[in-house]
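Residue numbering for the sequence shown follows this note's numbering, starting at 510 and increasing by one per position. One structure below.
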Amino acid sequence: MSKLNIAIFGSSGAIGSALCKKYTEQDNVEKVFCFSRKKTEIHNKKAFCFSLNYLDEEDLLTTSNKINFSFDIILISIGALLNPEKSIKDLTVEKFNNMISANTLPTLLIGKYFLPKLNKNRISKFASLSARVGSISDNFLGGWYSYRASKSALNMIIKNFAIEINRTNKNSIIFGLHPGTVTSKLSDPFKNNNKNYFSPETSANYLFNVIETKTNNDNGKIFDWNNQEILP
Ligand SMILES: NC(=O)c1ccc[n+]([C@@H]2O[C@H](COP(=O)([O-])OP(=O)(O)OC[C@H]3O[C@@H](n4cnc5c(N)ncnc54)[C@H](OP(=O)(O)O)[C@@H]3O)[C@@H](O)[C@H]2O)c1
510 MSKLNIAIFG
520 SSGAIGSALC
530 KKYTEQDNVE
540 KVFCFSRKKT
550 EIHNKKAFCF
560 SLNYLDEEDL
570 LTTSNKINFS
580 FDIILISIGA
590 LLNPEKSIKD
600 LTVEKFNNMI
610 SANTLPTLLI
620 GKYFLPKLNK
630 NRISKFASLS
640 ARVGSISDNF
650 LGGWYSYRAS
660 KSALNMIIKN
670 FAIEINRTNK
680 NSIIFGLHPG
690 TVTSKLSDPF
700 KNNNKNYFSP
710 ETSANYLFNV
720 IETKTNNDNG
730 KIFDWNNQEI
740 LP
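Have a look at this one:
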């Protein structure tokens with residue numbers, strides 16, 4: 510079997526860069542394409558780095574048109590958590606729009622231009638990093654209106670992709686991932702000393718194992734780092 514081609518979007522982030530490294534270390538991987546808003550250098554002969562504006566459809570179209578092969582795995586590790594609301598009194602239109610732009614729209618637009626690049630001839634996977642707080646049934650604390658809503662919307666998009674893409678690519682498996690609580694630029698401002706944090710490398714190792722196990726039965730679902738399904 511020929512080796513795998515991987516694409517990782519958000520490759521400068523804590524978890525994104527750890528995932529890039531993890532995949533370059535695999536013997537069965539040929540190339541890892543690393544996309545970031547600002548081009549990053551990854552010193553590994555399997556890694557190919559590109560800059561990309563996830564919200565610019567011309568940039569997405571031009572970039573995807575340059576790729577004349579299929580990806581076996583596409584991972585999106587993009588997101589932000591800025592000034593989360595403790596109460597509805599803290600909500601502003603700007604905050605809400607920022608969270609949708611950082612957590613929801615990138616996957617929607619990357620899907621538009623890169624889902625057609627998923628391998629149709631063997632099992633191929635497309636996963637985006639969501640968050641447990643995007644689950645409506647798991648919401649016991651409230652708050653964080655914009656971030657929660659942006660991740661719930663992301664989960665809906667993942668489900669929609671799973672339904673639509675499966676009609677034309679029976680080999681595709683599309684799912685969401687919760688990475689655990691991980692030390693990163695995103696989580697640092699909310700650091701709770703009573704909580705255990707994964708390093709990005711530990712989280713990437715867990716996520717790698719979860720991604721490996723996914724089958725057609727998992728299409729459209731969300732899984733945590735421990736491979737437990739997170740219900741909507
Ligand atoms: N850390 C946690 O505890 C935790 C928990 C649950 C879920 N998550 C999810 O895991 C994913 C990765 O987060 P991380 O912890 O690795 O955070 P991170 O180190 O801050 O990385 C997030 C990456 O997202 C991209 N990004 C940030 N703001 C953006 C914006 N406004 N518009 C477009 N892209 C933006 C950037 O990638 P580029 O600069 O490469 O483009 C950034 O490096 C996110 O989806 C996050 O919601 C994290």
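Just so you know, even glycine gets a beta-carbon here, dropped at the ideal spot from N, CA and C.
Cut-off 6 Å between Cβ atoms - residues of its own chain near residue i, not counting five sequence neighbours on either side
i	result
Y715	W734
I670	With the sequence shown as reference, residue 670 is identified as Phe, and Ile is not the correct amino acid for it. G620, I683, listed in sequence order.
K730	F684, E738
F707	G689, V691
Cβ-based neighbour list, residue i, same chain, cut-off 8 Å, excluding 5 preceding and 5 following
i	result
N592	D599, K604
F580	N514, I515, A516, F542, F623, K626, L627, N628, S633
L557	Sequence inspection shows Phe at residue 557; the Leu mentioned does not correspond to that position. Once the five neighbours on either side are set aside, the close Cβ partners of F557 are K540, V541, F542, C543.
T616	I585, I587, S637, L663, I666, I667
K575	none
Rounded Cβ spacing between residue i and residue j (contact assumed at less than 8 Å)
i	j	result
G643	S655	Not really, about 12 Å apart at Cβ, beyond 8 Å.
L584	I517	5 Å
S610	L570	Between L570 and S610 the Cβ distance is about 19 Å, and since that is not below 8 Å, they are no contact.
K512	E539	4 Å
I582	A713	Not a contact, Cβ separation roughly 13 Å.
N728	N648	Not confirmed; about 24 Å, so no contact.
L590	L695	5 Å
Per-residue burial, residue i [other beta carbons within 10 Å of its own, 16 or more giving buried]
i	result
E594	buried
P709	buried
H552	exposed
M510	exposed
V824	Since the first and last residues shown for the chain are 510 and 741, residue 824 lies out of range.
M665	exposed
K679	exposed
I597	exposed
T677	exposed
S646	exposed
S545	buried
N705	exposed
L650	exposed
F699	exposed
F578	exposed
S560	exposed
V719	buried
N612	buried
Residues that residue i bridges to, as DSSP identifies them
i	result
S514	Before going further, note that residue 514 is Asn rather than Ser in the sequence given. In DSSP, N514 forms a bridge with K540.
K604	Paired residue(s): none; K604 is not in a bridge.
A636	L584, F684
F732	L686, E738
L627	F580
Other residues of its chain near residue i: CB distance less than 7 Å, five sequence neighbours each side excluded
i	result
E566	L618
A640	K660, H687
N537	K512, L513
L614	L564
K723	K634, I682, F684
W653	P593, E594, V642
P741	S644, I645, S646, N664
S573	Y622, F623, K626
N725	I682
N562	R546, D568
So within the stretch 642-719, which uninterrupted beta strand (DSSP E) runs reach at least 3 residues, ignoring any that extend past its ends? Segments of the beta strand (DSSP E) lying fully in the stretch 642-719: 681-687.
Restricting to runs no shorter than 3 residues, where is the beta strand (DSSP E) found entirely within the stretch 528-596? Whole beta strand (DSSP E) segments, 3+ residues: 538-545, 556-560, 582-585.
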